[in-house]
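Read the structure below first, then the notes.
2 protein chains.
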Amino acid sequence: MSHNTANTVFGIGTLAKRAGCQVQTVRYYEKIGLLPPATRNAGNQRRYDSATLGRLTFIRHARDFGFSVEAVRELLGMADHPNMPCDHADAIAKRHLDEVEARIARLSALRDELKRMVAQCAGGRVDECRIVEVLSDHQQCLHAAGHGGQQTIR
Amino acid sequence: MSHNTANTVFGIGTLAKRAGCQVQTVRYYEKIGLLPPATRNAGNQRRYDSATLGRLTFIRHARDFGFSVEAVRELLGMADHPNMPCDHADAIAKRHLDEVEARIARLSALRDELKRMVAQCAGGRVDECRIVEVLSDHQQCLHAAGHGGQQTIR
DNA sequence: CTTGCACCTAAAGCGGCTTCAGGTTTTATC
DNA sequence: GATAAAACCTGAAGCCGCTTTAGGTGCAAG
Chain A
1 MSHNTANTVF GIGTLAKRAG CQVQTVRYYE KIGLLPPATR NAGNQRRYDS ATLGRLTFIR
61 HARDFGFSVE AVRELLGMAD HPNMPCDHAD AIAKRHLDEV EARIARLSAL RDELKRMVAQ
121 CAGGRVDECR IVEVLSDHQQ CLHAAGHGGQ QTIR
Chain B
155 MSHNTANTVF GIGTLAKRAG CQVQTVRYYE KIGLLPPATR NAGNQRRYDS ATLGRLTFIR
215 HARDFGFSVE AVRELLGMAD HPNMPCDHAD AIAKRHLDEV EARIARLSAL RDELKRMVAQ
275 CAGGRVDECR IVEVLSDHQQ CLHAAGHGGQ QTIR
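Below, the structure is given as structure tokens:
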């Protein structure tokens with residue numbers, strides 16, 4: 001009964017498809033050490049099994065949650081040690097939650113300003129345009145102190 | 155009456171400080187063509203006047219609003235032609251507003267999932283940890299379809 | 001005249017991949 | 001068994017929007 005062997009060992013394309021990412025991304029994760037070096041077949045091509053698929057799914061899922069690669073690295077390290085206390089995983093998630101909430105707050109303020117700008121554009125000439133005007137003159141913003149200052153808006 | 159000449163022509167440090175950005179950023183904007191090549195003094199140092207300060211302030215302001223550099227380039231081009239119709243400025247701002255709203259929506263869904271995860275972590279061992287568990291198993295998400303799929307969460 | 005800051009250029013680094021260039025291996029069809 | 005297409009391989013460069021680094025030159029104050 002070896003009819004389903006092809007299902008338990010597979011190439012990088014199948015792995016990537018099952019995890020919902022690109023082939024190059026899998027190689028990248030191997031290179032930066034999120035995935036262990038893959039075993040190879042006679043022709044030097046990577047072979048995977050379901051254990052690696054599980055790990056890759058974890059990685060992609062954590063990335064979808066917006067965790068940084070370094071955070072994912074720590075979370076993976078913890079997932080590899082089920083007997084350890086999970087305080088640190090908790091701390092990472094809480095910190096990330098705080099960051100996400102801060103981003104939402106900044107983007108919401110931004111959305112309000114953009115809405116105001118767009119709503120007030122009468123569709124005439126550039127020199128009457130509210131959009132260009134507001135960008136030229138910070139005084140015209142509701143939150144004149146700045147929308148995020150030096151930092152990137154994310 | 156030349157006592158305030160120093161106020162109308164100034165160096166890159168003063169320009170950067172007045173616009174609220176870094177000196178290197180000013181040179182970068184010149185390099186990518188958002189700012190015109192600066193005039194130089196005898197010692198090859200850049201000299202600026204209030205016109206450039208206005209342009210730089212516009213750029214920083216638009217960037218603070220989250221407009222991409224390419225969008226800023228277009229907006230600057232329009233600001234340089236006050237007699238033209240402002241339809242395109244309007245379109246750029248509307249598109250940006252849509253993007254910001256989409257980001258907020260995705261981040262909000264993310265925030266909800268993270269809150270759930272964090273709330274359910276009992277603070278025990280890793281193998282009982284809700285955070286690690288959810289990351290291991292996509293099924294446990296409310297929005298099992300994905301938090302943004304392939305795209306970066308911003 | 002020396003100290004120390006502001007300025008100069010060119011190039012590399014950041015995150016997190018993606019894309020490209022140029023090759024080898026596997027698979028499907030004839 | 002030949003051939004063509006698809007999948008795989010590696011290493012390097014590109015993306016965005018700056019920031020940082022390295023190694024210099026200009027300039028003003030004491």
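So the sequence lines, in the order shown, correspond to chains A and B.
Last residue of the first sequence: 154 (the working numbering), numbering continuous.
Last residue of the second sequence: 308 (the working numbering), numbering continuous.
Yeah, the Cβ is synthetic: ideal placement off N, Cα and C, and Gly gets one too.
Rounded straight-line distance, which links the Cα of residue 116 of chain A to that of residue 213 of chain B: 19 Å
Min CB distance residue 258 of chain B to chain A below 8 Å: yes
Buried versus exposed, by CB contacts within 10 Å (16 or more), residue 113 of chain A: buried
Burial state of residue 235 of chain B (16 or more Cβ within 10 Å): exposed
Within 8 Å, strictly: CB atoms of residue 107 of chain A and residue 92 of chain A: no
For residue 180 of chain B and residue 219 of chain B, the rounded distance between their alpha carbons: Their Cα atoms are separated by approximately 18 Å.
Close-in-space but distant-in-sequence residues of the same chain around residue 2 of chain A (CB under 7 Å, 5 per side omitted): Low confidence applies to residue 2 of chain A: its pLDDT is 38, below 50, so where it sits in the model is not reliable, and the reading given next is rough at best. If we look at residue 2 of chain A and ignore the five residues flanking it on each side, it has no Cβ neighbours.
Min CB distance residue 225 of chain B to chain A below 8 Å: No - not a single Cβ of chain A is within 8 Å of the one on residue 225 of chain B.
Counted within 10 angstroms of its Cβ, other Cβ atoms place residue 6 of chain A as buried (16 or more) or exposed: Its pLDDT being 44, under 50, residue 6 of chain A is placed unreliably in this model, and the value from its coordinates should be taken loosely. So residue 6 of chain A counts as exposed.
Any alpha helix (DSSP H) of 4 or more consecutive residues that is wholly inside the segment 51–123 of chain A: 69–79 and 87–120
Proximal chain B residues relative to residue 79 of chain A, where beta-carbon distance stays under 8 Å: 280, 286, 289 and 290
Contact residues within the segment 12–26 of chain A, judged by C-beta distance below 9 Å to chain B: 20, 21 and 22
Range of the contiguous alpha helix (DSSP H) that encloses residue 174 of chain B: Neither: residue 174 of chain B is in no alpha helix (DSSP H) and is coded neither H nor E.
Residue 192 of chain B versus residue 224 of chain B: straight-line alpha-carbon distance, rounded: 21 Å
For residue 183 of chain B, the nearest candidate out of B:283, B:281, B:226 and B:280 (CA to CA): B:226
Bridge partners - residue 48 of chain A, DSSP secondary structure assignment: As a beta-bridge residue in DSSP terms, residue 48 of chain A pairs with A:10.
Distance between residue 209 of chain B and residue 134 of chain A (C-alpha atoms, nearest Å): Approximately 13 Å between the Cα atoms of the pair.
Beta-carbon neighbours of residue 164 of chain B, restricted to chain A and to distances below 9 Å: The contacting residues do not exist; residue 164 of chain B stays about 20 Å from chain A at best.
C-beta contact flag for residue 101 of chain A and residue 194 of chain B at 8 Å: no
Pairwise C-alpha distance: residue 13 of chain A and residue 44 of chain A: 15 Å
Listed by chain order, chain A residues near residue 267 of chain B by CB distance under 9 Å: Simply 65.
Cutoff 8 Å: residue 109 of chain A Cβ touching any chain B Cβ: Answer no: the Cβ-Cβ gap between residue 109 of chain A and chain B never drops below 8 Å.
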